[in-house]
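Under my numbering, residues 6 to 163 are what the sequence shown spells out, in order. Working notes, structure below.
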Amino acid sequence: MKWAATLLVLLSLGLILGGCPTRTVYVNPEQPPPQQPPPPSSWNDRATFSSLHVLGHHFHTATVRNGSYGDGTQCSLYFKVSFFAPSTYYHRFQTKLMMSGGAWVRSPVFFNQGYGQREYRFSFDTTNQGCWARRYHRITFMTVHGCSGYGCYVRPIP
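In structure tokens form, the structure reads like this:
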């Protein structure tokens, strides 16, 4: 009995002094990162989210691709945000997509008044910011703000 109590005390002290292992969970894409990043100006990424709900809308997928040298849009990013809308009531939303390397993009405010599977597409030009869209970036996090009703105000995403 004393042996078990002594062992328990020693294990407890070891955890207290050594620290407990921790696990950090990010709202990240479910697929693993590619082994080799694609060449510049030829990349895309897709992230899926399982628990991102705003005003009853389930935001479940975000995709991004960059432009190409051929059409002169190598500094542009093209986004698609997919969500499921539970009702036909009027809602406004804004998304902010965090990307690897500290890059981020905020969408314009968009509205939805339809039911079912929906998509919102927008683009962002990085020419005035050093054309960082040429480099490969993974979507790492998505924030969504929203409001409901005609004329409602979407709180800006910092």
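Every residue gets a Cβ at the ideal spot worked out from N, C-alpha and C, and that includes glycine. These numbers come from a predicted model, not from an experiment.
*asked:* I need the straight-line Cα distance from T148 to R160, nearest angstrom please.
replied: Sequence index remark: in the sequence shown, residue 148 carries index 143 (1-based). Sequence index remark: in the sequence shown, residue 160 carries index 155 (1-based). Rounded to the nearest angstrom, the two C-alpha atoms are 12 Å apart.
_Count Cβ pairs between the region 122-134 and the region 152-159 that sit closer than 8 Å; are there 3 or more?_
No, because fewer than three Cβ pairs between the region 122-134 and the region 152-159 fall closer than 8 Å, the two stretches do not touch.
*Alpha carbon to alpha carbon, how far is T132 from S92?*
In the sequence shown, counting from the first residue as 1, residue 132 sits at position 127. In the sequence shown, counting from the first residue as 1, residue 92 sits at position 87. A straight-line Cα-Cα distance of about 39 Å links T132 and S92.
*Distance, Cα to Cα, V59 vs G72?*
Residue numbering aside, residue 59 sits at position 54 when the sequence shown is read from its first letter. Residue numbering aside, residue 72 sits at position 67 when the sequence shown is read from its first letter. Our two residues, V59 and G72, have alpha carbons roughly 30 Å apart in a direct line.
*Whole-number beta carbon distance between F116 and Y94, since they are thought to touch under 8 Å*: Here residue 94 is taken as the residue at index 89 of the sequence shown, counted from 1. Here residue 116 is taken as the residue at index 111 of the sequence shown, counted from 1. With 8 Å as the limit, Y94 and F116 do not qualify as a contact, their Cβ atoms being about 11 Å apart.
*Should D50 be labelled buried (16 or more other beta-carbon atoms within 10 Å of its own) or exposed?*
For the purposes of this step, residue 50 is identified with residue 45 of the sequence shown, where counting begins at 1. Burial call: buried.
*asked:* Tell me which residue opens and which closes the beta strand (DSSP E) that T145 is part of.
replied: As a working mapping, residue 145 is identified with position 140 in the sequence shown. It spans I144 to S153 - the beta strand (DSSP E) in which T145 sits, taken as one unbroken run.
*Where DSSP assigns a beta bridge to L102, which residues make up the other side?*
One-based indexing of the sequence shown puts residue 102 at position 97. Paired residue(s): V110 and M147.
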